[in-house]
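**Q**
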Amino acid sequence: MLSPTRTVPPLPSGAVWDVKKDVLSIEVLKRLDAALDTSVFGDGTRLPWHWLHFLPDAPTGSLAKDGHPVRNDDLAEEFPRRMWAGSRIHVVGPAPLPGDNITRRTLTLSTERKQGSSGRLLFMTVLHEFLGASGVVLREEQDIVYRAASAEPTRVSGRRLADKRAEWARDVDPSAALLFRFSALTFNTHRIHYDRDYAQQEEGYPGLVVHGPLQATLMLDLVHRVFPAARISAFEFRALRPVFDNGVFRVCASPGPGPGSIDLWTQDSSGYLGMQAKLVLAGEKEEF
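What follows is the structure in C-alpha cells.
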C-alpha cells in the first residue's frame with residue numbers, strides 16, 4: 091500500500107552502493123517545462139526533478155543495437171531487452187535547491203526469473219536514494235523487467251479499460267518532437283522511442299513507444315495544474331500496456347479512497363489503460 095511514511099526496505103546482506111554525484115540544474119527542469127508545454131517544474135523542487143539528473147554517460151560507440159548501453163553482466167546475453175515497469179517514490183525531506191550538490195546511491199534489492207506469455211523474464215528491483223546536504227531527501231524503488239530477444243513480433247496484451255470516471259484529464263499528442271525531446275532530456279537512447287523503423291521492424295511494435303517515465307511525468311504535471319500549491323509525499327506507478335504514437339492519449343486523475351490521495355492513469359486512443367498510478371499529497375490536504 092502506498093504510504094508517505096513507508097520504512098526503508100530491507101537491504102541485501104553485504105550490499106554495496108553505486109554512488110553518483112551531480113548538481114541540481116534549474117535549466118534542465120525549465121527545458122522539461124518547455125517540452126511538456128507547462129510551467130510547473132521550472133522551480134526545481136517538484137517531482138520528478140531527480141529523473142533529469144544522474145544521467146547515463148555511455149559513449150555512443152558502446153551502445154547496443156537497441157540503443158541501450160551494452161551490458162557486461164552475466165544476464166546480458168539471455169535477457170538483452172529491458173523495460174522500466176514501475177516505481178514507488180517516497181519524499182523523505184525537502185527537495186534540494188538549484189545549484190545544490192546532490193548524490194544518488196543505488197543498489198539492487200532483488201532479482202527473480204519468471205516465465206511470461208511472451209517468454210522468459212527477469213524482474214529486478216533497484217533502490218535509489220537521493221541525498222542533499224542534510225541527508226536522504228528521496229527514495230525510489232524501480233521495477234525493471236528484462237526479457238529475451240525474440241524473432242517473433244512483440245505481442246501487445248493486457249487490454250483493460252478504466253474502471254472509474256476521470257475528474258480531471260488532459261489529452262496529449264505524442265508527437266515525434268515530444269518523444270525526441272523527452273529522450274534527449276533524460277539521455278535515453280532506446281530506439282523504440284524515436285526510430286520508427288527500428289520499433290516496427292526489429293521489435294514488432296505498431297509505432298513509436300511513449301516512454302513510461304514520460305507518462306508518469308505527465309500525471310504529475312496534471313496534479314500540479316489542478317492543485318498548484320500541492321506538494322507530494324508519495325507516488326507510485328505501474329506500466330500495464332505500451333502506449334504508441336498512433337493517436338492522442340489521455341492523462342486522467344480522480345480522487346482516491348483516502349484523504350489527500352489521488353488515483354491516476356493513462357489511456358490510449360482506444361481507451362485502453364497504459365499506466366496506473368497513486369499519489370499522496372503532503373501537508374495540508376486539498377479539498378476535492
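Just so you know, we're using the working numbering here: the sequence shown kicks off at 91 and counts up by one.
A virtual CB, placed ideally from N, CA and C, is assigned to each residue, including glycine.
Remember, it's a predicted structure, so these values are computed and weren't measured experimentally.
(1) Judging by CA-CA distance, which residue of 183, 294, 127 and 301 is the nearest neighbour of residue 279?
(2) Given a cut-off of 9 Å, decide if residue 259 and residue 333 are closer than it, judged by their beta-carbon atoms.
(3) Taking 8 Å as the threshold, find out whether the segment 200-211 comes into contact with the segment 129-138 through three or more Cβ pairs.
(4) Here's a check: name, in chain order, each residue in its chain whose Cβ is nearer than 7 Å to the Cβ of residue 145, leaving out the five neighbours to either side.
(5) Please return the same chain residues whose Cβ sits closer than 7 Å to the Cβ of residue 161, not counting the five positions on each side in sequence.
(6) Tell me residue 228's beta-bridge partners as DSSP assigns them.
(7) Would you mind reading off the limits of the alpha helix (DSSP H) that contains residue 198?
(8) Grab me the residues of residue 151's own chain with a C-beta within less than 7 Å of its C-beta, minus the 5 sequence neighbours each way, in chain order.
(9) At which residue ranges does the segment 284-351 contain complete beta strand (DSSP E) runs of 3 or more residues, listed in the order of the chain?
(10) Can you find a C-beta in chain C that's less than 9 Å from the C-beta of residue 281?
(11) Out of 365, 113, 108 and 117, state which residue places its alpha-carbon closest to the alpha-carbon of residue 251.
(12) In or out: residue 163 buried (at least 16 other Cβ within 10 Å) or exposed?
(13) Taking the beta carbon of residue 44 as the centre, do at least 16 other beta carbons fall within 10 Å, making it buried, or is it exposed?
(14) Among the residues of its own chain, which have a CB less than 7 Å from the CB of residue 141, if the five just before and after it don't count?
(15) Whole angstroms are fine: how far does the CA of residue 292 sit from the CA of residue 243?
(16) Where DSSP assigns a beta bridge to residue 282, which residues make up the other side?
**A** Concretely, from the data shown:
(1) For this step, residue 279 is matched to residue 189 along the sequence shown. Among 183, 294, 127 and 301, the Cα nearest to that of residue 279 is on 301.
(2) Residue mapping note: residue 333 aligns to position 243 of the sequence shown, counting from 1. Residue mapping note: residue 259 aligns to position 169 of the sequence shown, counting from 1. No, the Cβ-Cβ distance between residue 333 and residue 259 is not below 9 Å.
(3) Taking 8 Å as the limit for Cβ pairs, the verdict is that the segment 129-138 does not touch the segment 200-211.
(4) If you number the sequence shown from 1, residue 145 lands on position 55. Only 276 and 277 meet the Cβ criterion.
(5) Working through the sequence shown from its first residue, we reach residue 161 at position 71. Within its own chain, no residue has a Cβ closer than 7 Å to the Cβ of residue 161 once the five positions on either side in sequence are excluded.
(6) For the purposes of this step, residue 228 is identified with residue 138 of the sequence shown, where counting begins at 1. DSSP output for residue 228 lists 181 and 220 as bridge partner(s).
(7) For the purposes of this step, residue 198 is taken as the residue at position 108 of the sequence shown. Per DSSP, residue 198 lies in no alpha helix (DSSP H); the unbroken beta strand (DSSP E) holding it starts and ends at 191-206.
(8) Looking up residue 151 in the sequence shown gives position 61. Once the five neighbours on either side are set aside, residue 151 has no close Cβ partner at all.
(9) Correct list: 322-329 and 339-345.
(10) Among the protein chains of the structure shown there is no chain C, as only one such chain exists.
(11) Start at 1 with the first residue of the sequence shown, and residue 251 comes out as number 161. Put simply, of 365, 113, 108 and 117 the residue whose alpha carbon is nearest the alpha carbon of residue 251 is 365.
(12) If you number the sequence shown from 1, residue 163 lands on position 73. Flag for residue 163 reads exposed.
(13) Coverage of the chain is limited to positions 91 through 378, which leaves residue 44 absent and any answer about it impossible.
(14) As a first step, residue 141 must be located in the sequence shown, where it is residue number 51. Cβ contact annotation for residue 141 (same chain, cutoff 7 Å, sequence separation greater than five): 276 and 303, in chain order.
(15) As a working note, residue 243 is residue 153 in the sequence shown. As a working note, residue 292 is residue 202 in the sequence shown. Unreliable placement is indicated for residue 243, whose pLDDT of 49 sits below 50; the coordinate value is still reported in the next sentence. So the alpha carbons of these two residues sit roughly 8 Å apart.
(16) Reading the sequence shown from its first residue, position 192 is the one you call residue 282. Residue pairing by DSSP places residue 282 opposite no residue, since no beta bridge is assigned to it.
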